[in-house]
Amino acid sequence: MEHKGVRYEVLQTDHASGWKWVAHISPTRQMTGFSTYKEIAVQAAKRAIEKALHAAEKRNGTPT
């Protein structure tokens, strides 16, 4: 899946009631997390991407 040009994955864990998300922020940086519900995992991945993009804009001096 993709959000704002950043790829992310949502995978079910070995435990049936768990979901892992991985956002591929850059070729060398990933953010991960876990949730009980798939929908919350998707939203968490999107939120992490938004946060990373906002931080990158601040670092590069681009207005938000």
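Numbered per the numbering used here, the sequence shown spans residues 279 to 342. Yeah, the Cβ is synthetic: ideal placement off N, Cα and C, and Gly gets one too. Since we're looking at a predicted model, the values are computed, not measured.
Inset, instruction - Express the C-alpha separation of THR314 and GLN290 in angstroms, rounding to a whole number. - result: 10 Å
Inset, instruction - Quick one: which unbroken alpha helix (DSSP H) runs of 4-plus residues sit fully inside the segment 295-319? Chain order, please. - result: none
Inset, instruction - Could you have a look at HIS332 and say whether DSSP puts it in helix, strand or coil? - result: helix
Inset, instruction - Closer than 8 Å by C-beta to ALA372: which residues in its own chain qualify, once you throw out the five before and the five after it? Chain order, please. - result: No statement about residue 372 is possible, as the shown extent of the chain runs from 279 to 342 and does not include it.
Legend entry - Pair within 8 Å by beta-carbon distance, LYS316 and HIS281: no
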